Amino acid sequence: MMNLGGSFMRVLVMVVALTLMLSIAPAGEAQPLSLADVLVAPPYLKLEAHISSPPSWELNGGSDVTVGVNVEKPGRSLEALIAKVMRYVRLLLRAEPHPPVAADVVYVPAGRFLMGSDDVGAMEFERPQHRVVLQAFWIHRSAVTNQQYRDCIEAGVCEGDVADHPDDDLPAVGITWHQAAGYCTWAGGRLPTEAEWEKAARGTRGRRYPWGDAEPMCDRANFLDCRVGLMPVGSYPAGASPYGTLDMAGNTWEWVEDQYTETYYEPSPDQDDADHAIYDWRILRGGCHVSRAQDLRASHRNWARADASSTLYGFRCAFDADR
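Following our numbering, the numbering of the sequence shown begins with 11 at its first residue and continues without gaps.
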């Protein structure tokens, strides 16, 4: 057996860095960890790994990052020690990439998901269920609030009157598609595509609702049966999606980027595409506080003219992961 000596330290660091570049990919829905953790494996090893800057990568790619390794009391073979180091470094790299903005956003990793529905109660414009491939992205955890939209008005960018958005924590409603898109541009993002919105709402395995397949209850979503009117964002943590997004069933309809065509799913697209129609009708998702329970399904689609506004229409923004 070959013990680790001082002459092997540079080799170890090079192997770790090379392995990171070639083979390490982040876990899809793992909880974020600290970017500087100290891990101890007595009596042989004390590992301290520092990632010098927030990582950014594609789901199937790698990341060229700097890792510093300090080893005390070496007593195992070089091969065993490298294996131990790599197990701990993989744990560190399960952290989510750093968000692109200071807003409260969640990360949705790249990959396929099930879009649409073949359920008995599904509408024709939700059919057929199909797989769609998306790049990674960030999305607001909750809908944009009155306070956030007022900031944009006061900055001289967004249209509207601050008096129309008085309650800080309520979703900003009465917003046209054009106004929503303008806010997201000002915030450094864009409206999510219809496919991005649906993946953020239901995960990869085709959940019927953000929380799963169980029917809506008033502790999970704000809909017609609850009769409470518009509620502050984040009021229903029990209705969170697999990625942690909130209020994606009920409370307010949400504008997305896509234009509407009744036959968009025919033939079923297998790539994300927001530019697939010539009409000035835009998609709304998620249902609202006066929607029926069956209209809260993550696959349900609604639409309106892009210049229409309603006290039932709100929005959230998305952000590219590679920015």
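By construction, the Cβ of each residue, glycine as well, lies at the ideal position given by its N, Cα and C atoms.
Just so you know, these numbers come straight off a predicted model, no measurement behind them.
Alpha helix (DSSP H) segment containing residue i, residue limits
i      : result
Gly192 : Trp187 to Trp196
Arg160 : Asn156 to Glu164
Ala210 : Glu204 to Arg212
Own chain residues within Cβ distance below 7 Å of residue i, not counting five before or after
i      : result
Asp178 : Thr155, Asn156 and Gln157
Ser319 : Gly184, Ile185 and Thr186
Gln304 : Gly131
Cys2   : As displayed, the chain neither begins before 11 nor continues past 333, which places residue 2 out of reach and without an answer.
Arg307 : Ser127, Arg218 and Tyr219
Asp336 : Examination of residue 336 is not possible in this model, given that the chain is present from 11 through 333 alone.
Lys209 : Val118, Phe123 and Leu144
Pro335 : Examination of residue 335 is not possible in this model, given that the chain is present from 11 through 333 alone.
Residue i burial status per 10 Å Cβ neighbour count (16 or more: buried)
i      : result
Gly213 : buried
Ala205 : buried
Gly239 : exposed
Gly199 : buried
Val143 : exposed
Ala165 : exposed
Arg20  : With a pLDDT of only 40 at Arg20, under the threshold of 50, the placement of this residue in the model should not be trusted; the figure read from the coordinates follows. The residue in question, Arg20, is exposed, as its Cβ has fewer than 16 Cβ neighbours within 10 Å.
Arg326 : buried
Pro181 : buried
Leu57  : Model confidence at Leu57 stands at a pLDDT of 38, short of 50, so the residue's coordinates are unreliable and nothing is read from them.
Glu225 : exposed
Arg122 : exposed
Ala248 : exposed
Ala173 : exposed
Val118 : buried
Glu136 : buried
Arg160 : buried
Arg302 : exposed
Val167 : exposed
Met12  : Because the pLDDT at Met12 is just 34, under 50, the model does not fix this residue reliably, and the value given afterwards should be weighed accordingly. Met12 is exposed by the Cβ-count criterion.
Other residues of its chain near residue i: CB distance less than 6 Å, five sequence neighbours each side excluded
i      : result
Trp207 : Val266 and Arg295
Trp187 : Trp265, Arg292 and Ala316
Ala197 : Cys327
Cys236 : Cys228
Cys298 : Thr262, Trp263 and Leu322
Arg215 : none
Glu169 : Gln189
Ile163 : Gly170 and Val172
Gly254 : Val116
Ser211 : Checking the sequence, you will find Ala at residue 211 rather than Ser. Pro220, Ser251, Met258 and Ala308.
Ala191 : Leu201
Val300 : Leu234
Neighbourhood of residue i by C-beta, 8 Å cutoff - its chain only, sequence neighbours within 5 removed
i      : result
Ala250 : Pro220, Trp221 and Leu256
Trp313 : Tyr270, Trp291, Arg292, Ile293 and Leu294
Arg141 : Arg122, Phe123, Leu124, Met125 and Asp280
Asp223 : Arg217
Span of the beta strand (DSSP E), counted from its first residue to its last, around residue i
i      : result
Trp148 : Phe147 to His150
Phe135 : Taken as a continuous stretch (DSSP letters only), Phe135 belongs to no beta strand (DSSP E), as it is neither H nor E.
Ala328 : Ala328 to Asp330
Leu256 : No beta strand (DSSP E) contains Leu256, which DSSP labels as neither H nor E.
Glu225 : It is not in any beta strand (DSSP E) - Glu225 carries neither H nor E in the DSSP assignment.
Ala314 : Arg311 to Arg315
Tyr323 : Tyr323 to Phe325
Glu169 : Per DSSP, Glu169 belongs to no beta strand (DSSP E) and is neither H nor E.
Gln269 : Trp263 to Gln269
Leu124 : Gly121 to Met125
Arg295 : Trp291 to Arg295
For residue i, the residue or residues it bridges with in DSSP
i      : result
Pro181 : Thr155
Gly249 : Gly249 pairs with nothing; no bridge assigned.
Leu335 : No answer is possible for residue 335: it lies beyond the span of the chain, which begins at 11 and ends at 333.
Leu144 : Gly121
Arg200 : Ala328
Val116 : Ile149
_At least 3 beta-carbon pairs within less than 8 Å: the region 230-239 vs the region 253-268_ = Cβ pair count under 8 Å is three or more, so yes.
*Counting pairs of beta carbons, one from the region 112-124 and one from the region 140-153, are three or more of them closer than 8 Å?*
Touching, per the Cβ criterion.
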